[in-house]
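Count the sequence shown with full-length UniProt numbering and you get residues 1 to 183, in order. Don't be surprised by glycine CBs; every beta carbon is placed ideally from N, CA and C. For reference, the structure discussed in these notes is given below.
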Amino acid sequence: MKINEFVVVEGRDDTVNVKRAVDCDTIETNGSAISKETLEVIKQAHEKRGVIVLTDPDFPGDKIRNTIKQYIPSVKHAFIPREKAKNKRGKIGVEHASVDTVKNALMNVSSPLEANIETIDKAVLIDLGLIIGPDSRRKREILCSKLNIGHSNGKQLLNKLNAFGYTEKDVKEALGYKKGGTS
């Protein structure tokens, strides 16, 4: 599988694993302290061929993703679920994901909306038990996995759903709700 866009990863081991899965060019951020120079390289790559951000599903990976998103709001995003990015010792990273997991992440890329439009309200997420409730974390994990938007706490979930234009209907369908009722 050939990817036209540049794939932004954190480091050399991530590049090696991504290139096992797909034919692409990568840009490495070299950690969470992403430099202005690296951001400029990513911006130029985005203007030429587009960019897909594929960072580790952890706090530093989210920090890198958010830094890039603030600098270049229209970049695309690919996510690998935490449980599919762990090695035997529990270390998390793109470099630990299987070839199939990386391919799947890059085939299910999310593109943010151009404008900040609220497509779903926080009250809906509360009503569905995604923010508050005994099972909210598990429900968020299921939803994030089905929508390919990466792990999220409640606030991050609301922001991501709105950024990618998901509606109440989309969320209910992903959670398995039937039309006119619950599952």
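If you compare alpha carbons, which of the options is closest to residue i?
| i | options | result |
| --- | --- | --- |
| Lys146 | Ala97, Phe6, Leu39 and Ile80 | Ile80 |
| Lys155 | Leu130, Arg12, Lys172 and Leu175 | Leu130 |
| Asn4 | Pro112, Lys69, Ile52 and Thr15 | Ile52 |
| His151 | Arg82, Lys122 and Lys76 | Arg82 |
| Thr167 | Glu141, Ala123, Pro134 and Asn153 | Ala123 |
| Ile92 | Pro57, Lys48, Asn162 and Ile120 | Pro57 |
| Lys48 | Thr67, Asn66, Ser35 and Asp25 | Asp25 |
| Val18 | Met107, Leu39, Thr67 and Leu175 | Met107 |
For the alpha helix (DSSP H) containing residue i, name the first residue and the last one.
| i | result |
| --- | --- |
| Lys178 | Looking at the DSSP string, Lys178 is not in any alpha helix (DSSP H), and its letter there is neither H nor E. |
| Lys155 | Gly154 to Ala163 |
| Val124 | Lys122 to Asp127 |
| Ile68 | Phe59 to Tyr71 |
| Asn104 | Val99 to Met107 |
| Ile42 | Lys36 to Lys48 |
| Lys139 | Ser136 to Leu147 |
Quick check: what's the CA-CA separation for residue i versus residue j?
| i | j | result |
| --- | --- | --- |
| His46 | Cys144 | 25 Å |
| Ile117 | Gly165 | 8 Å |
| Val102 | Ile132 | 32 Å |
| Gln44 | Asn87 | 34 Å |
| Phe59 | Gly50 | 25 Å |
| Val75 | Asp127 | 31 Å |
| Leu158 | Arg137 | 13 Å |
| Ala105 | Asn162 | 20 Å |
| Tyr177 | Lys169 | 9 Å |
| Gln70 | Ile64 | 10 Å |
| Arg20 | Ala97 | 11 Å |
| Val109 | Ile142 | 18 Å |
| Asp135 | Ser111 | 28 Å |
| Glu173 | Ser35 | 40 Å |
| Lys160 | Thr67 | 15 Å |
| Gly90 | Lys2 | 30 Å |
Could you give the C-beta distance for residue i and residue j, rounded to a whole number, given that I count them as a contact under 8 Å?
| i | j | result |
| --- | --- | --- |
| Ala33 | Leu54 | Not a contact, Cβ separation roughly 19 Å. |
What residue range does the beta strand (DSSP E) around residue i cover?
| i | result |
| --- | --- |
| Glu28 | Asp23 to Glu28 |
| Val51 | Val51 to Val53 |
| Glu5 | Lys2 to Val9 |
Is the beta carbon of residue i sitting closer than 9 Å to the one on residue j?
| i | j | result |
| --- | --- | --- |
| Asp14 | Glu37 | no |
| Val99 | Ala85 | no |
| Asn30 | Gly61 | no |
| Arg140 | Asn153 | yes |
| Val171 | Leu113 | no |
| Val7 | Val22 | yes |
| Ile42 | Ile72 | yes |
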